[in-house]
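Novice: Before anything else, here's the structure in question.
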Amino acid sequence: MDDDVRRRFEDIERKHELHKHETSDGTTPLRASRSYCGRVNSGGTAAHLPDGWTCTNTAAGNYTITHNLGHTNYGVMTTPDITGSFDTAYTAGVKDRTATSFKVNTVLVGGGAYTDQNIPFMFTLTTIPVV
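This is the structure:
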């Protein structure tokens with residue numbers, strides 16, 4: 002490999018390492034985000050949760066997922082997990098986030114009314130890197 006080609010490869014590798022490990026000012030390491038997913042049955046039992054996480058059904062349509070993150074630098078997306086019920090509309094959303102838990106509310110939407118209702122749901126939690 003001639004020197005010109007070798008220099009181009011080294012430049013590409015250097016740029017990749019900069020993007021991978023540092024901010025644009027070249028001084029602060031970036032932290033990687035992580036994603037976790039889970040599925041909760043309508044009664045609040047876990048169909049699948051990350052190790053060490055728990056779920057409690059606190060009232061009709063209200064769930065608390067307890068985790069071990071220790072911070073609030075995360076976002077949660079939720080979706081109802083209903084099959085075969087396309088004539089009925091459901092929604093699931095996050096009500097509160099803390100360093101040790103987040104709350105999910107599941108709702109039946111119909112006739113202009115919103116009714117808290119126990120339904121199965123799935124979630125994806127993604128941590129937000131802090132620089």
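In the working numbering, the protein residues as written are 2 to 132.
Glycine residues also receive a C-beta, built at the ideal position from the N, C-alpha and C atoms.
1) When the Cα atoms are used, what is the spatial distance from M78 to L126?
2) Hey, could you find the ends of the beta strand (DSSP E) S102 is sitting in?
3) Give me the Cα-Cα distance between A47 and T92, rounded to the nearest whole angstrom.
4) Report all residues from its chain with a CB closer than 7 Å to the CB of A61; omit the five preceding and five following residues, and keep chain order.
5) Once the 5 residues before and after N69 are set aside, which same chain residues still bring their CB inside 6 Å of it?
6) Are there 16 or more other CB atoms within 10 angstroms of the CB of Y64, so buried, or fewer, so exposed?
7) Between the Cα of V95 and those of G71, I66, G112, spot the shortest distance and give me the residue it belongs to.
8) Excluding sequence positions up to five away, which residues of its chain have a Cβ less than 7 Å from the Cβ of L50?
9) Note down the Cα distance separating A100 from G76, rounded to an integer number of angstroms.
10) Throw me the rounded Cβ distance for the N74 and T128 pair, which I believe falls under 8 Å.
11) Buried or exposed: where does T107 fall if 16 or more other Cβ atoms within 10 Å of its Cβ makes it buried?
12) Compare the beta carbon distance of V41 and F122 with 7 Å and say whether it is the shorter of the two.
13) Go through its chain and collect everything with a Cβ distance to T80's Cβ below 7 Å, but skip five positions before and after it.
Specialist: In this structure, then:
1) When rounded, the distance between both Cα atoms is 7 Å.
2) That run of the beta strand (DSSP E) goes 102-111.
3) Just so you know, the alpha carbons of A47 and T92 end up roughly 19 Å apart.
4) So the qualifying residues of the chain are D117, Q118, N119.
5) If we look at N69 and ignore the five residues flanking it on each side, its Cβ neighbours are G53.
6) Counting Cβ neighbours within 10 Å, Y64 comes out buried, since at least 16 surround it.
7) It is I66.
8) Once the five neighbours on either side are set aside, the close Cβ partners of L50 are G39, C56.
9) The C-alpha of G76 is placed about 12 Å away from the C-alpha of A100.
10) Going by Cβ atoms, the distance from N74 to T128 rounds to 6 Å, so yes, they are a contact pair.
11) Buried, since its Cβ has 16 or more Cβ neighbours within 10 Å.
12) Note that the C-beta distance between V41 and F122 is below 7 Å.
13) Closer than 7 Å at Cβ, skipping near neighbours: A93, F122, M123.
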